[in-house]
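To keep things clear, I will list the structure first and then write my remarks on it.
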Amino acid sequence: MSYTSYDHDRLEAAEKLKIERTIYFQSEKSDIAELTALPLAELIRQKEESAAAEENIYSSLREQATAWEEQAGKTLSLEKAIEYARTPAVQHTSNKWQERDHDRREISNAVYRMNYYVYENTRYDREKKESVPYSYSLTWNVYTNGPERNRQMKIAGQDRKVFADRAAMEKYLAGRQKAYANLFTEVSPQIPKQYAECFKVNGVLLPGYTIEGEERGKPEQAPAEQRTTTESKDEQFAILLDSRSRFETGEAGGYWLSMPATKEQLQEALAGIGLTADKPQDLFIRGFSDTEEKPLALPYDMVCSANIDELNFLAARLENLDASGVAALNAAAQRKQGFENVGQIIDFTYNEDFFVHIPEVRTPAELGNYYLNKSGMVQMPDEWKAGVDLAAFGQNAAEKEKGSFTDYGYILESGDDWVKHYEGREVPEEYRIMSSAQAPQIDPAKVDMDISAVQTAEQINVQTKEPQPVIPIILTSENPAGKLKEITDRLEQGITELFNSERFKEYLQVMSKFHNYSFNNTLLIAMQKPDASHIVGFSAWKNTFKRNVMKGQKGIKILAPSPYTVKKEIEKIDPLTQKPVIGKDGKPVTEEKEITIPAFKVVSVFDVSQTEGKELPNIAVDTLTGNVELYEDFFKALKETSPVPIAFEKIEGGAHGYYHLEDKRIAIDEGMSELQTIKTAIHEIAHAKLHDIDLTSPMDGQNRVDRRTREVEAESVAYTVCQHYGLDTSDYSFGYVAGWSSGRELAELKSSLETIRSAAAEIINSIDGKLAEIQKAQDKEQAPKEQTAEPDRDTYSIYQLKRDEATQDLRFEPYDRLIATGHEVDRANYDLVYTAPLTEDMTLNTIWEKFNIDHPKDFKGHSLSVSDIVVLHQNGGDTAHYVDSIGYQQVPEFLKKHTPLIPDEHLTGEKIRTPRGSFSLTDMTAEQMKEAGYGLHHTSDDGKYHIMGNGTRAFAIAAEPPEKTNPLKHIEDTVEQNDNNFDGIINNTPQTPTVGELEQKVKAGEPISLVDLANAMKAEKAQGKEKSKTPARREEKPSIREQLKKAKETAAPKKAAKQKNHDLEV
């Protein structure tokens, strides 16, 4: 023979027939001399004849292969029938509770299985010298009880639900058992249609089972837990929708919605579970099932925590995957690193080539066999192959190429780039079906234009929401130390309970209002009353603010400083050398000194919503100081806050921005909305502040947190800062925090939460400071030329504040805060910037939309914003409307002729002497003096007074006092260094300025704290002060409390999200 042959023939009954022959020419064994003597044309003819004969043999083999297929099909059917016959009967407890392994209890029958497990969270009690429980974690689940455990469907359940005491846990568990007791009344109850596949083997229902015969999709005929569902011939998977309030009362039910779905199908589903269009917030997903044709191994909890629009988009994208693509998706989902969110699963449908998937390989030995004998990648004699350890070979290959073995085959990355098409972006409009389930929006055209605030239905719902009752922390100890220990234990429990999507969001919302409070107190407020806005003690409400805590209200427990002093002998330090003083005996000289020991106690405070009495304005702990309409100034403040430069560039792949670790810069995608740009900048600033590393140094020594932690921290900081400034945060979702927090130590979780709190506070404080500097430094701009409105027809006119120093504290101020700080809406402060005809279909809201979304080309002002005025000229009359933080506020005073104040009418009777003369003191502000035509002449030597003149006369006014340093700063430093399980409390006990200082702040338009005001008034009363240090004449000016009485509550509007890349922090 002139060749050597190798065969790879193989027959696997009922599965695979393989005839594969390969021949190789061997010159040393062959003699083609006779053939080489033939002419070339003859050789070619003979070769063609031989190849044709080969083709005939090949055709004959293919015919026989077809016959094999028919026979193999019969073998396969017999094999599957044998599998069916050998399937053992399901093991169950005959509807009785029994103990199982690992302290689990279970009840089951032939169709259903329910189990639960209780874990005691303990801590060591040094007094009792034993571990004692401080909380209880309950895990319970209800599954189908089919013969194959990996094909069971989860019907309901919760993981690690924490209770403070065992009685509460047992009561809740009894409710769950009662809710599902109807499943355990028969040994073999009928199987709901949605669970039927769990009880089939190879498509045939196992003996002894029956399936409910009701028609699909008729809710009125569906018994509890039947799969009430929509029909969909294109179903990729289905989700079980339910009403949270009904589910938590133990009522069984639910509606299976096939995905993808239409808006009409979703509406039908909502009606099927008793929800109306105006109450979608009670909706939640509590189940997920796939189809027999396209089984999906998606993370159950991830699907249940996703939003419906996103799942609808995912289902639409899955239609593009064939069977092999679905198998690859399942394998990718089961990798150790897996998918972090539904957005990444959606992006998989665009990136199938990112992975290489070998479906028939599930073990290292199978991988070794595949590479050695099937792939054609290894060429060696068969006798050599026989000596290869396939498992070791496969394991080594998997480690080198970083592949993963899953139940759906072996998968590894191909080396192609992963392109982000969706993750971090909004769901395309055509796949959004939840919008029709929202409450109908109020038509602005149907609202009286003279109302004080034109709102959307969503805003009305927010404002009319009843205050949440306090969930009190019950302390049983009789002594302060015991109470402190109890509340410390509850704090640890609170951290473990924090990490589900809504609880985490509530905590961040509380932190946005109390960002200068310690982590412990912020968490305590979030645990007890997450909607709190201003908290004060019982006596302060009664004595200072003339408000009484309503009967039956529970106090909010927080930690307050309770330092004490002790006398101690310490070494005397020489003030010059800073070394111990040595006595004549050669020993250090000692002296007795009082040492302050930082300590804390538990106190009760109450939110303003728990009180009644004299009206108070909505002075939040942190009043909104920014508005997205002030975009240029706000973004400039962000750039100055950022530790690295910020620049715009075109970013491919869907990311909104990134932080470049090597170049130390932040890049933001071009062309985004102003709101999205601000959100992205805050997110990347958080990365730059928290997660920067030195790429030239070894990574081991830099203590860098993992990528998921970095994203949770940056996203949480961005959400908190945006919440603080009233920017739209509706697109933020924290469904992934439960998975992120799972398995992490308490200290690690607390560290991340404190990192988020301190970073958010640092950014907020920096932005506030930068905004103040920017506004003070803005140069005067030439006022736009005033246009004249036509008086003969209906018109609207837009007025905007003059761009000069006199109006810088009035810009973008909500109406109630403007009035509370002693200002008024004065025509003299405004320029007329635009006038146009008022048509019949125009309203105040349409004017706002026009000048924010699509303003006229001839409009030269800035977008219509808070503090602007719209004057409607209708039927010969005028009405003025102030653009407020929500809607409009009618301001008739704007149309009145303004007369500046006269300094002589506001004299206090006091004379201020400076080297340049003696000047009468007036209680007017600097702004009021400037309005009356006076400018700064000079300042007194002690800096307490400004002398202002008009070229003829001069008067003195009080200057703002400098800020005091906080004397308790060292206490926080000491506590943090000692790590006494408390965060610094300094921010909960701010410095106590005087009433006069607070009044000056209000005049300057700065926010103040109710706590500061209460403490200042209490201090003055204790010192016997009946008047402030300003003379009697000055008391004729309305007091700060009288100014506060005039204020009204404020709110803020909303709008969109962000995204990332590989080695870049995004």
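For the sequence shown, this note's numbering gives the first residue as 3, with consecutive numbering after it.
Here a beta-carbon is modelled for each residue, glycine too, at the ideal position from N, C-alpha and C.
In this text the structure is predicted, and so the values were computed from the model without any measurement.
Would you decide whether residue i is buried or exposed? Buried here means 16 or more other CB atoms lie within 10 Å of its CB.
| i | result |
| --- | --- |
| V421 | exposed |
| I766 | buried |
| V380 | exposed |
| I360 | buried |
| H658 | buried |
| M155 | buried |
| F608 | buried |
| M926 | buried |
| R955 | exposed |
| M552 | exposed |
| F27 | exposed |
| V344 | buried |
| Y890 | buried |
| N990 | Bear in mind that the predicted position of N990 carries a pLDDT of just 41, short of 50, making it too unreliable to give a figure here. |
| P917 | exposed |
| H726 | buried |
| E17 | exposed |
| E237 | buried |
| V305 | buried |
| E36 | exposed |
Bridge partners for residue i per DSSP, in chain order?
| i | result |
| --- | --- |
| A882 | V873 |
| A240 | S260, S291 |
| V604 | L561 |
| M529 | Answer is none; M529 lacks a bridge partner. |
| F407 | Y412 |
| R115 | S110, Y145 |
Can you look up residue i in the DSSP assignment and give me helix, strand or coil?
| i | result |
| --- | --- |
| L13 | strand |
| G919 | strand |
| Y723 | Sequence inspection shows Val at residue 723; the Tyr mentioned does not correspond to that position. Three-state result, V723: helix. |
| H689 | helix |
| I949 | strand |
| V328 | helix |
| S79 | helix |
| L812 | coil |
| Y433 | helix |
| N147 | coil |
| I904 | coil |
| Y211 | coil |
| A669 | strand |
| F547 | coil |
| S514 | helix |
| F27 | strand |
| G426 | coil |
| L19 | strand |
| V456 | Residue placement at V456 is flagged as unreliable, the pLDDT there being 28, under the threshold of 50; the coordinate-derived value follows with that caveat. It is coil, neither helix nor strand. |
| T598 | strand |
| G274 | helix |
Return the first residue and the last residue of the alpha helix (DSSP H) that residue i is part of.
| i | result |
| --- | --- |
| Y372 | That residue, Y372, is in no alpha helix (DSSP H); it is neither H nor E in DSSP. |
| Q612 | From DSSP, Q612 is part of no alpha helix (DSSP H); its letter is neither H nor E. |
| I765 | 748-779 |
| V305 | 302-307 |
| L316 | 310-320 |
| I855 | 846-855 |
Give the range of the beta strand (DSSP E) segment to which residue i is assigned.
| i | result |
| --- | --- |
| E651 | 648-651 |
| N353 | Run containing N353: none; DSSP gives neither H nor E here. |
| L834 | 832-839 |
| F896 | Taken as a continuous stretch (DSSP letters only), F896 belongs to no beta strand (DSSP E), as it is neither H nor E. |
| Y801 | 797-803 |
| T941 | 937-941 |
At a Cβ threshold of 8 Å, is residue i touching chain D?
| i | result |
| --- | --- |
| G426 | Reference to chain D is not applicable here, since this structure consists of a single protein chain. |
Could you tell me if the beta carbon of residue i falls within a distance shorter than 7 Å of some heavy atom in the ligand SAM?
| i | result |
| --- | --- |
| V723 | You won't find the ligand SAM in this model; it holds no ligand whatsoever. |
Output the residue ranges of the beta strand (DSSP E) runs that lie fully inside the stretch 126-199 and measure 3 residues or longer, sorted by chain position. 132-146, 156-165
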